[in-house]
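Structure record follows, encoded as structure tokens.
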Amino acid sequence: MFIIRRSMTKNLPKQAKPAVFLDRDGTIIVEKGYLANPDDVELIAGATEAIKILNAAEYLVVVVSNQSGVARGFFTEDDVKRVNERMLELLSQSGAHVDAVYYCPHHRDGVVPKYAIDCECRKPGLGMIKKAALELGAYPIAVVGDREADVRLAVNASVPGILVLTGYGERQPDEVKSMAAFIAADLLEAAIWIEERFG
């Protein structure tokens, strides 16, 4: 049984809304390493349909993404924003809506001093979920992603974590897979599971 932490909900407005938190690379869009060029953005098959299922269920859809390439000097925050905008454009063309996109540009081993820090926002830290709670009135009901950090984020938020086998999902060790509430072939299967469980 998954219980939302009291600290995650105590300061929410009365009209707080359930939210599904989605990873970006390897979950919504094809994993291409440190992606900096919006022209290279490609939606994973079924991602649009998945988000439309979550939209129809009236869940907030919030993207949370670690983008350590900024700290590592591979690209800038403006590059991240352009990639995000392209992703949103492709999704919206088919009627899928994302309520917010948050990203963490930090990494302790970064080469850009202002970003080379320990932070709360880098997954599996709860910083991005807390920000969505404050800005959107969102409370998490599930986290979906293809990496250990996504599954651990769900554990830290005391909600189900769904590991998708797209992106790096297939390569995750058994320890990570065992922490997931559900292992889905892709985001579409994850969305169906969420809708059936919480809908």
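Going by our numbering, the first residue of the sequence shown is number 47, and it counts up by one from there.
Glycine included, every Cβ here is placed at the ideal spot set by N, Cα and C.
Once the 5 residues before and after Ala237 are set aside, which same chain residues still bring their CB inside 6 Å of it?
Within the sequence shown, the letter at position 191 stands for residue 237. Counting only Cβ-Cβ distances below 6 Å, and skipping sequence neighbours, we find Ala96, Ile99, Leu100.
Need the endpoints of the alpha helix (DSSP H) that Phe120 sits in, please.
Counting from 1 along the sequence shown, the entry for residue 120 is found at position 74. Element bounds for Phe120: n/a, residue is neither H nor E.
Assign Gly79 to buried or exposed, taking buried as 16 or more other Cβ atoms, counted over all protein chains shown, within 10 Å of its Cβ.
As a first step, residue 79 must be located in the sequence shown, where it is residue number 33. That one is exposed.
When you compare the region 64-81 with the region 102-116, are there three or more beta-carbon pairs, one atom per stretch, that lie closer than 8 Å?
yes
Count the C-beta pairs between the region 192-204 and the region 143-159 that are closer than 8 Å, then say yes if the count reaches three, no if not.
no
Quick one, which of Val157, Asp145, Val108 has its alpha-carbon nearest Phe121's?
Residue numbering aside, residue 121 sits at position 75 when the sequence shown is read from its first letter. Among Val157, Asp145, Val108, the Cα nearest to that of Phe121 belongs to Val157.
Taking one C-beta from the region 135-143 and one from the region 157-168 each time, how about it: are there three or more such pairs within less than 8 Å?
no
Considering only residues of the same chain and omitting the five flanking positions on each side of Glu6, which have a CB-CB separation below 6 Å?
Residue 6 falls outside the range modelled here, since the chain spans only 47 to 245, and no answer is possible.
Limits of the beta strand (DSSP E) - the one that Lys63 falls within
Position 17 of the sequence shown holds residue 63. Per DSSP, Lys63 belongs to the beta strand (DSSP E) from 63-68.
DSSP-derived helix/strand/coil call for Glu241:
Residue numbering aside, residue 241 sits at position 195 when the sequence shown is read from its first letter. Residue state, collapsed to three classes: helix.
With which residues is Val189 paired in a DSSP beta bridge?
For the purposes of this step, residue 189 is taken as the residue at position 143 of the sequence shown. Phe67, Gly207.
Lys127 to Lys223 span [Cα, whole Å]:
As a first step, residue 127 is located in the sequence shown; it is residue number 81 there, counting from the start. As a first step, residue 223 is located in the sequence shown; it is residue number 177 there, counting from the start. Roughly 31 Å between the two C-alpha positions.
Start and end of the alpha helix (DSSP H) containing Val222?
Against the sequence shown, residue 222 aligns to sequence position 176. Element bounds for Val222: 220-225.
Taking the beta carbon of Glu216 as the centre, do at least 16 other beta carbons fall within 10 Å, making it buried, or is it exposed?
Within the sequence shown, numbered from 1, the residue matching residue 216 stands at position 170. With fewer than 16 Cβ atoms within 10 Å of its Cβ, Glu216 is classed as exposed.
Note down the Cα distance separating Asn130 from Ala188, rounded to an integer number of angstroms.
Within the sequence shown, residue 130 is the residue found at index 84, counting from 1. Within the sequence shown, residue 188 is the residue found at index 142, counting from 1. Rounded to whole angstroms, Asn130 to Ala188 spans 21 Å at the Cα level.
So, helix, strand or coil for Ile74, using DSSP?
Position 28 of the sequence shown, counted from the first residue, corresponds to residue 74. Coil.
Can the beta-carbon of Met133 be found closer than 7 Å to that of Val87?
Here the question's residue 133 lines up with position 87 in the sequence shown. Here the question's residue 87 lines up with position 41 in the sequence shown. Yes, these two residues count as a Cβ contact at 7 Å.
Tell me where the alpha helix (DSSP H) around Leu89 begins and ends.
If you number the sequence shown from 1, residue 89 lands on position 43. Looking at the DSSP string, Leu89 is not in any alpha helix (DSSP H), and its letter there is neither H nor E.
Member of Ile90, Val108, Asp155, Pro84 whose CA lies at the smallest distance from the CA of Arg118
As a working mapping, residue 118 is identified with position 72 in the sequence shown. The shortest C-alpha separation from Arg118 is found at Asp155.
Just checking my contact of Val107 with His143 at CB under 8 Å: how many whole Å lie between their CB atoms?
Within the sequence shown, residue 107 is the residue found at index 61, counting from 1. Within the sequence shown, residue 143 is the residue found at index 97, counting from 1. Between His143 and Val107 the Cβ distance is about 7 Å, and since that is below 8 Å, they are a contact.
By the three-class DSSP mapping on this structure, what secondary structure does Leu172 have?
Within the sequence shown, residue 172 is the residue found at index 126, counting from 1. Here Leu172 sits in coil by DSSP.
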